[in-house]
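Residue numbers (the working numbering): 20 to 246.
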């Protein structure tokens, strides 16, 4: 794979980041209002009941989902972020390293703050496959997987040449966020709307980090990549 020698923080990408930021905010705001609805909670609970009942005897699938869900845990997310930040620094992509640092640390802080604001309890009508004690809304695994894995996918897709490899990075980023989010619902540790809200927060924060890098480059606070 060959590394591009061009700036990936273009006006076009910045415009896309703006759109994604507001879409994420809109979805999260809608979800925040929706969790107050009894109808939404009934739908959430019905989905959890269906998944629990249809897969209760599939021990291999439960083990698989537990492994998948760990990919969105704080320890794995921060380890991946640390490794990739060092990698970007080694290939002299300092802005990319800054984006991943901001996406991981900021995403974690934002999720903690939002959980403390909404104080939504974990699903209690459905017995989960394993015990968790933290709050439910929004899903931290979903927030962090979008913020970090999609940020990584976008940065790597912009760095490396070749349409196929760019599509591959984006596919992997999207696939990981979807399957991690699904695992949280499958294991009955989150309502579906918690996951959607987490994705929305992650998208907005990742877009904000990208826009911040673009703005700082435009103001010459940080240099253009590979100039």
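Heads up, the beta-carbon is just placed ideally off N, CA and C, and yes, glycines get one too. All values reported here derive from a predicted model rather than from experimental measurement.
| query | result |
| --- | --- |
| Uninterrupted alpha helix (DSSP H) stretches inside the stretch 149-231 (no shorter than 4 residues) | 159-163, 170-178 and 182-205 |
| Proximity winner among 202, 169 and 65, relative to residue 186 (alpha-carbon distances) | 169 |
| Reference residue 97, options 58, 84 and 126, closest by Cα | 126 |
| Endpoints, alpha helix (DSSP H) assigned at residue 85 | 78-89 |
| Within 8 Å, strictly: CB atoms of residue 43 and residue 220 | yes |
| Whole-angstrom distance between residue 225 and residue 204, CA atom to CA atom | 23 Å |
| Cβ-Cβ separation, residue 142 to residue 210 (assumed contact under 8 Å), whole Å | 6 Å |
| Cα-Cα separation, residue 130 to residue 172 | 21 Å |
| Enclosing alpha helix (DSSP H) for residue 111 [first to last residue] | Note, residue 111: premise wrong, no alpha helix (DSSP H); not H, not E. |
| Beta-carbon proximity of residue 36 to residue 218, cut-off 8 Å | no |
| Local Cβ density within 10 Å of residue 123, reported as buried at 16 or more and exposed below that | buried |
| Straight-line Cα distance separating residue 138 from residue 153 | 9 Å |
| Whole-Å CB distance - residue 155 paired with residue 199, under 8 Å assumed | That pair is no contact at about 16 Å. |
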